[in-house]
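Enquirer: Just dropping this structure here.
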Amino acid sequence: MDHLNQYKIQHITFKNIADLQSQLFLRQFSTEELVQYYVQAISKNTNNIFIECFAQEALEKAKQIDKKINNKEKLGKLFGVVVSIKDVFCYKGHIASASSAFLENHVAAYTATCIQKLLDEDAIIIGRVNCDEFAMGASNENSVYGAVQNPHDPTRITGGSSGGSAAAVAAQLCMISIGSDTGGSVRQPADFCGVYGLKPSYGRISRYGLIAYASSLDSVGIFANAIEDLTIVLQTMTGQDDFDSTCKNRTPIKIVPQKLKVAYFKEVVNYKAIEPEIKTTFLNVIKTYQKHHEIVAVDFDLLELLVPTYYIISCAEATSNLARYDGIRYGKTSQTKANDLKQFYKNNRSEGFGTEVKRRIMLGNLVLSSGYYDAYYAKAQQIRQTLIDRIQKLFETYDVVIFPNTPCLPWKIGEGKNINPDEMYLADIFSVLANLVSCPAVSIPISQHSTGLPLGTQIMGKQFAEEQLLEIAKNFMSEFNSSSFND
Ligand code: GLN
Numbered sequence: 471m472d473h474l475n476q477y478k479i480q481h482i483t484f485k486n487i488a489d490l491q492s493q494l495f496l497r498q499f500s501t502e503e504l505v506q507y508y509v510q511a512i513s514k515n516t517n518n519i520f521i522e523c524f525a526q527e528a529l530e531k532a533k534q535i536d537k538k539i540n541n542k543e544k545l546g547k548l549f550g551v552v553v554s555i556k557d558v559f560c561y562k563g564h565i566a567s568a569s570s571a572f573l574e575n576h577v578a579a580y581t582a583t584c585i586q587k588l589l590d591e592d593a594i595i596i597g598r599v600n601c602d603e604f605a606m607g608a609s610n611e612n613s614v615y616g617a618v619q620n621p622h623d624p625t626r627i628t629g630g631s632s633g634g635s636a637a638a639v640a641a642q643l644c645m646i647s648i649g650s651d652t653g654g655s656v657r658q659p660a661d662f663c664g665v666y667g668l669k670p671s672y673g674r675i676s677r678y679g680l681i682a683y684a685s686s687l688d689s690v691g692i693f694a695n696a697i698e699d700l701t702i703v704l705q706t707m708t709g710q711d712d713f714d715s716t717c718k719n720r721t722p723i724k725i726v727p728q729k730l731k732v733a734y735f736k737e738v739v740n741y742k743a744i745e746p747e748i749k750t751t752f753l754n755v756i757k758t759y760q761k762h763h764e765i766v767a768v769d770f771d772l773l774e775l776l777v778p779t780y781y782i783i784s785c786a787e788a789t790s791n792l793a794r795y796d797g798i799r800y801g802k803t804s805q806t807k808a809n810d811l812k813q814f815y816k817n818n819r820s821e822g823f824g825t826e827v828k829r830r831i832m833l834g835n836l837v838l839s840s841g842y843y844d845a846y847y848a849k850a851q852q853i854r855q856t857l858i859d860r861i862q863k864l865f866e867t868y869d870v871v872i873f874p875n876t877p878c879l880p881w882k883i884g885e886g887k888n889i890n891p892d893e894m895y896l897a898d899i900f901s902v903l904a905n906l907v908s909c910p911a912v913s914i915p916i917s918q919h920s921t922g923l924p925l926g927t928q929i930m931g932k933q934f935a936e937e938q939l940l941e942i943a944k945n946f947m948s949e950f951n952s953s954s955f956n957d
């Protein structure tokens, strides 16, 4: 599979959204042809990426756009852009199942704000893609539809939970995919599949219509093959929403200092379980920054606390969010006979949820129960506040903080079963911080492992400074590509 960082379907190639749109204006091909190519590519693909392709309506929308182009009518900012959505977004009249048996036939009664904003700007939603059940996972193996295969090596996972989104963009089955990131679910699969992935600040994009996992950590995220496209799609989806009081209008911070102050954590470089080539790539990232900017190794003694803090808080919130799935208001009703109400709920929930979701509901209930609340949940909240204070302080001096996205490579599909859940959770060590402190972070594909698998890096920016972060990431790409590490 080519490592492209551009869009290519059959004979059509374009660098980014702007390039696509100028080709559509020049009538190099029509929007309908474009969508036809994507529909065909989706039907031929065998990586278990798409759960459903909305072929008819996507073609219909394409025809409307062609008409507007021909009649020189006003077009939306994202006209012609073909987008897939993770199976956790509500899109009126379409199934939104969170890749769970429980919601397999759940039809959304309304459209998520972020999806509506894309539609309003003439984007074309081409289908919904596979993910981990209720966005819980790091491999996309916890899905009722089965694991997604990594387009770079179909024997391996894509990462998760937005594995279908990352793979859809990597396999050129759509241009953009909308995912969600609660603890790394956009950045880690983007890294594993060799595409760009942005997790914006908490509160930049409305969560209304996103099936909740952990409400204080969930962010809507974006996958693309061109970094400039992340900015356009982000700006389309942002803005105040009366349905999500945490989402406000923000003035974008765009100015990028000529010479950046970059921090990285000593503990990250010295992390014992990091795969050697991931470490070498990260050291090369540091060297690149050293050439052009000021880069400083900072002490961060809280690294080991990140994963426990994240899992205590996310599971506690998940327990509460998932309480609504009772098999009456939401979810499939079990056919097993129940003699009382308690047994009825038990049947519905035991049969509806998968193993990982049940594990997290139990863990969440444990940390919230009396006797354990102070020892776990309250302590995790205190640590979260300490992290927020530390990172805020750090950003008084530094412009960005850099990390690898993950300490490991995508494992073989099925191998996850043999990994103890604690070990699997540790794979999130470099990605959960951005969620815990509500900052934006972007994953960028920069290199290749000796196995041929893609390798990326992660840059975390100041809260609500996504535009600046993306500009910094773009500059870094060109500095990195023109660097040689032999000197
Ligand atoms: N791997 C993390 C988890 O399982 C992140 C998931 C996410 O960001 N949705 O919780």
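Under the numbering used here, think of the first position of the sequence shown as 471, with each following residue one higher.
Each residue gets a CB set at the ideal place from its N, CA and C atoms; glycine is no exception.
Note that the structure is predicted; figures quoted are calculated from it, not measured.
When the Cα atoms are used, what is the spatial distance from residue 601 to residue 618?
Expert: Along the sequence shown, read from residue 1 onward, the residue named residue 601 stands at position 131. Along the sequence shown, read from residue 1 onward, the residue named residue 618 stands at position 148. Taking the straight line from one Cα to the other gives about 8 Å.
Enquirer: At what residues does the alpha helix (DSSP H) containing residue 706 begin and finish?
Expert: Counted from its first residue, the sequence shown places residue 706 at position 236. That run of the alpha helix (DSSP H) goes 697-707.
Enquirer: Is residue 785 helix, strand or coil by DSSP?
Expert: Indexing the sequence shown from 1 puts residue 785 at position 315. Residue state, collapsed to three classes: helix.
Enquirer: Candidates 546, 770 and 790: which alpha carbon is nearest residue 856's?
Expert: As a working note, residue 856 is residue 386 in the sequence shown. It is 770 whose Cα lies nearest to the Cα of residue 856.
Enquirer: At a threshold of 7 Å, does residue 605 count as lining the ligand GLN (C-beta to nearest heavy atom)?
Expert: Indexing the sequence shown from 1 puts residue 605 at position 135. For the ligand GLN, at least one heavy atom lies less than 7 Å from the Cβ of residue 605.
Enquirer: Should the stretch 506-523 be regarded as contacting the stretch 727-736, the criterion being three or more beta carbon pairs within less than 8 Å?
Expert: No, the stretch 506-523 does not touch the stretch 727-736.
Enquirer: Is it true that the stretch 743-752 meets the stretch 640-658, where meeting means three or more beta-carbon pairs spaced less than 8 Å apart?
Expert: No contact exists between the stretch 743-752 and the stretch 640-658.
Enquirer: Within this structure, are the beta carbons of residue 606 and residue 830 separated by less than 8 Å?
Expert: Here residue 606 is taken as the residue at index 136 of the sequence shown, counted from 1. Here residue 830 is taken as the residue at index 360 of the sequence shown, counted from 1. Cβ distance < 8 Å, so residue 606 and residue 830 count as in contact.
Enquirer: Rounded to the nearest angstrom, how far is the Cβ of residue 838 from that of residue 789, given a contact under 8 Å?
Expert: Walking along the sequence shown from the start, residue 838 turns up at place 368. Walking along the sequence shown from the start, residue 789 turns up at place 319. Indeed they touch by this definition, with Cβ atoms about 7 Å apart.
Enquirer: Between the stretch 631-645 and the stretch 932-940, do three or more beta carbon pairs fall short of 8 Å?
Expert: Result no; under three Cβ-Cβ pairs closer than 8 Å.
Enquirer: In chain order, what residues of the same chain have a beta carbon less than 6 Å from the beta carbon of residue 591, not counting five sequence neighbours either side?
Expert: Here residue 591 is taken as the residue at index 121 of the sequence shown, counted from 1. Within the same chain, residue 591 has close Cβ partners 546, 547, 548 and 706.
Enquirer: Between the stretch 662-682 and the stretch 707-714, do at least 3 Cβ pairs fall closer than 8 Å?
Expert: The stretch 662-682 vs the stretch 707-714: in contact.
Enquirer: Identify the continuous beta strand (DSSP E) that holds residue 873 and give its terminal residues.
Expert: Along the sequence shown, one-based indexing puts residue 873 at 403. Run containing residue 873: 870-873, per the beta strand (DSSP E) assignment.
Enquirer: DSSP three-state call for residue 764: helix, strand or coil?
Expert: Indexing the sequence shown from 1 puts residue 764 at position 294. Residue 764: strand per DSSP, three-state reduction.
Enquirer: Rounded to whole angstroms, what's the CA-CA distance from residue 766 to residue 900? Just pull it up for me.
Expert: Here residue 766 corresponds to residue number 296 of the sequence shown, with the count starting at 1. Here residue 900 corresponds to residue number 430 of the sequence shown, with the count starting at 1. Looking at the two C-alpha atoms, the distance is approximately 18 Å.
Enquirer: What's the C-alpha gap between residue 603 and residue 822?
Expert: On the sequence shown, position 133 is the one that residue 603 refers to. On the sequence shown, position 352 is the one that residue 822 refers to. Rounded to whole angstroms, residue 603 to residue 822 spans 11 Å at the Cα level.
Enquirer: Within 8 Å, do at least three Cβ pairs link the stretch 687-705 to the stretch 936-943?
Expert: Segments in contact, yes.
Enquirer: Using a Cβ-Cβ cut-off of 6 Å (strictly less than) and excluding sequence neighbours within five positions of residue 957, which residues of its own chain qualify?
Expert: The count along the sequence shown starts at 1 and reaches residue 957 at position 487. At residue 957, the pLDDT of 45 sits below 50, so the modelled position is not reliable; the number obtained from the coordinates is stated separately. Answer for residue 957: no residue qualifies.
Enquirer: Out of 928, 945 and 950, state which residue places its alpha-carbon closest to the alpha-carbon of residue 669.
Expert: Position 199 of the sequence shown holds residue 669. Residue 669 has its Cα closest to that of 928, out of 928, 945 and 950.
Enquirer: Tell me the rounded alpha-carbon separation between residue 682 and residue 889.
Expert: Working through the sequence shown from its first residue, we reach residue 682 at position 212. Working through the sequence shown from its first residue, we reach residue 889 at position 419. Answer to the nearest angstrom: the Cα atoms are 26 Å apart.
Enquirer: Tell me the residue span of the alpha helix (DSSP H) that contains residue 509.
Expert: Looking up residue 509 in the sequence shown gives position 39. Here the alpha helix (DSSP H) through residue 509 covers 501-514.
Enquirer: Would residue 497 be called buried (16 or more neighbouring beta carbons within 10 Å of its own) or exposed?
Expert: To locate residue 497, count along the sequence shown from 1; it is residue 27. Burial call: exposed.
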